[in-house]
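Visitor: Here it is, the structure, as structure tokens.
Set out below in structure tokens:
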């Protein structure tokens, strides 16, 4: 694990726990106590923590971030390992310094969470969960679209969101869907999502769908496009039906799956 990724992980751990000791971090991150102490010294210089005897505590200036995590992010989202793996793979596709859009939904939240390990992140989002978790990284640039709050998804939607997007250009748009079906294509649950998708297609170089294996063979209320020619990339789990992998390959859609993600490698299913 590179130092930048390790520091981001230490921040995440301390933000979650409030305090931690050197030995625990050493075991969790599989590095020496000396390395951890050096990392904690740097985080203290950044005023993120206070070092204590044998460990560190969160700087009180960052307690508001912990409150966001507990009261907004963590309270309404149950942990989902499959979605987390998809988020980690998608984050690997984001280049340092490029501007991306992160859409609504839990899987998109996990993309944002995985981006904490990157140093130079520029994100436009309508996802309050994503904005909340990205606030933990002071090196990230985050812009919210504005709009009306959709309470079910904790996202901002409507004409104001679309108008905001009409004024910008982005490299990649990362979006979730409700269903991926051979006959019905990519589908979502309501018109606000279809309107958002249409706008994103105009302003982004690439559209990236993030969806775990449970979305395949399913369909929802509204279609945003066929499986061929609608998006450039699909990020998902290993255990999706082979027919979908073959279809995407044959139609030039790049598909990435979580493969040995714990060892930080991903597999592109294009051969």
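Residue numbers (this note's numbering): 42 to 312. Here a beta-carbon is modelled for each residue, glycine too, at the ideal position from N, C-alpha and C. Remember, it's a predicted structure, so these values are computed and weren't measured experimentally.
Would you kindly report the start and end of the unbroken beta strand (DSSP E) that includes residue 278?
Guide: For this step, residue 278 is matched to residue 237 along the chain shown. Note, residue 278: premise wrong, no beta strand (DSSP E); not H, not E.
Visitor: With DSSP collapsed to three states, give me the class of residue 180.
Guide: Residue numbering aside, residue 180 sits at position 139 when the chain shown is read from its first letter. The answer is coil: DSSP assigns residue 180 none of H, G, I, E or B.
Visitor: Under a three-way DSSP split, which group does residue 51 fall into?
Guide: By one-based count along the chain shown, residue 51 stands at place 10. DSSP places residue 51 in helix when its eight states are reduced to three.
Visitor: Helix, strand or coil for residue 96 per DSSP?
Guide: Within the chain shown, the letter at position 55 stands for residue 96. Note: residue 96 maps to strand in three-state DSSP.
Visitor: CB-CB under 8 Å to residue 263, same chain, minus the five flanking residues each way: which ones, in chain order?
Guide: Residue mapping note: residue 263 aligns to position 222 of the chain shown, counting from 1. Contacts found: 228, 229, 230, 231, 232, 234, 235.
Visitor: Please confirm whether residue 215 and residue 165 have their CB atoms less than 8 Å apart.
Guide: Walking along the chain shown from the start, residue 215 turns up at place 174. Walking along the chain shown from the start, residue 165 turns up at place 124. Result no, Cβ atoms of residue 215 and residue 165 do not sit closer than 8 Å.
Visitor: If you draw a straight line from the alpha carbon of residue 205 to that of residue 238, how long is it in whole angstroms?
Guide: By 1-based counting over the chain shown, the position of residue 205 is 164. By 1-based counting over the chain shown, the position of residue 238 is 197. Going from the Cα of residue 205 to the Cα of residue 238 covers about 14 Å.
Visitor: Should residue 44 go down as buried or exposed, given a rule of 16 or more other Cβ atoms within 10 Å for buried?
Guide: What you label residue 44 is simply residue 3 of the chain shown in a count that begins at 1. Looking at its Cβ environment, which holds fewer than 16 other Cβ atoms inside 10 Å, residue 44 is exposed.
Visitor: In chain order, what residues of the same chain have a beta carbon less than 6 Å from the beta carbon of residue 188, not counting five sequence neighbours either side?
Guide: The residue labelled residue 188 in the question sits at position 147 within the chain shown. Correct list, in chain order: 197, 198, 199, 201, 202.
Visitor: Please state if the CB of residue 285 and the CB of residue 257 are separated by a distance shorter than 8 Å.
Guide: Here residue 257 corresponds to residue number 216 of the chain shown, with the count starting at 1. Here residue 285 corresponds to residue number 244 of the chain shown, with the count starting at 1. Yes, the Cβ-Cβ distance between residue 257 and residue 285 is below 8 Å.
Visitor: Flag this pair as touching only if the region 92 to 100 and the region 171 to 180 have three or more C-beta atom pairs under 8 Å; answer yes or no.
Guide: no
Visitor: Per the DSSP calculation, residue 125 is bridged to which residue(s)?
Guide: On the chain shown, residue 125 is found 84 positions in, with the first residue counted as 1. In the DSSP output, where bridge partners are listed per residue, residue 125 has none listed.
Visitor: Roughly how many whole angstroms lie between the Cα atoms of residue 161 and residue 46?
Guide: Mapped onto the chain shown, residue 161 falls at position 120. Mapped onto the chain shown, residue 46 falls at position 5. The straight-line gap from Cα to Cα measures roughly 12 Å.
Visitor: Pull up the DSSP beta-bridge partners for residue 247, would you.
Guide: For the purposes of this step, residue 247 is taken as the residue at position 206 of the chain shown. Partner(s): 213.
Visitor: For the putative contact between residue 299 and residue 130, defined by C-beta atoms under 8 Å, what is the C-beta separation to the nearest angstrom?
Guide: What you label residue 299 is simply residue 258 of the chain shown in a count that begins at 1. What you label residue 130 is simply residue 89 of the chain shown in a count that begins at 1. About 5 Å; that satisfies the 8 Å criterion.
Visitor: Any idea which residues DSSP pairs residue 295 with across the strands?
Guide: Position 254 of the chain shown holds residue 295. Per DSSP, 274.
Visitor: Can you look up residue 223 in the DSSP assignment and give me helix, strand or coil?
Guide: For the purposes of this step, residue 223 is identified with residue 182 of the chain shown, where counting begins at 1. Of the three classes helix, strand and coil, the one that applies to residue 223 here is coil, per DSSP.
Visitor: Are the CB atoms of residue 249 and residue 127 nearer to each other than 8 Å?
Guide: Indexing the chain shown from 1 puts residue 249 at position 208. Indexing the chain shown from 1 puts residue 127 at position 86. Cβ distance not < 8 Å, so residue 249 and residue 127 don't count as in contact.
Visitor: Does the Cβ of residue 80 have 16 or more other Cβ atoms within 10 Å, making it buried, or fewer, making it exposed?
Guide: Mapped onto the chain shown, residue 80 falls at position 39. The residue is buried, with at least 16 neighbouring Cβ atoms inside 10 Å.
Visitor: On the CB-based measure, 16 or more other CB atoms within 10 Å of its CB, does residue 148 come out buried or exposed?
Guide: Residue numbering aside, residue 148 sits at position 107 when the chain shown is read from its first letter. Buried, by the Cβ-count rule.
Visitor: What is the rounded straight-line gap between the Cα of residue 112 and the Cα of residue 59?
Guide: Counting from one through the chain shown, the residue named residue 112 turns up at place 71. Counting from one through the chain shown, the residue named residue 59 turns up at place 18. With a pLDDT of 46 at residue 112, under the threshold of 50, the predicted position of this residue should be treated as unreliable, though the coordinate-derived value follows. Residue 112 and residue 59: Cα-Cα distance of roughly 15 Å.
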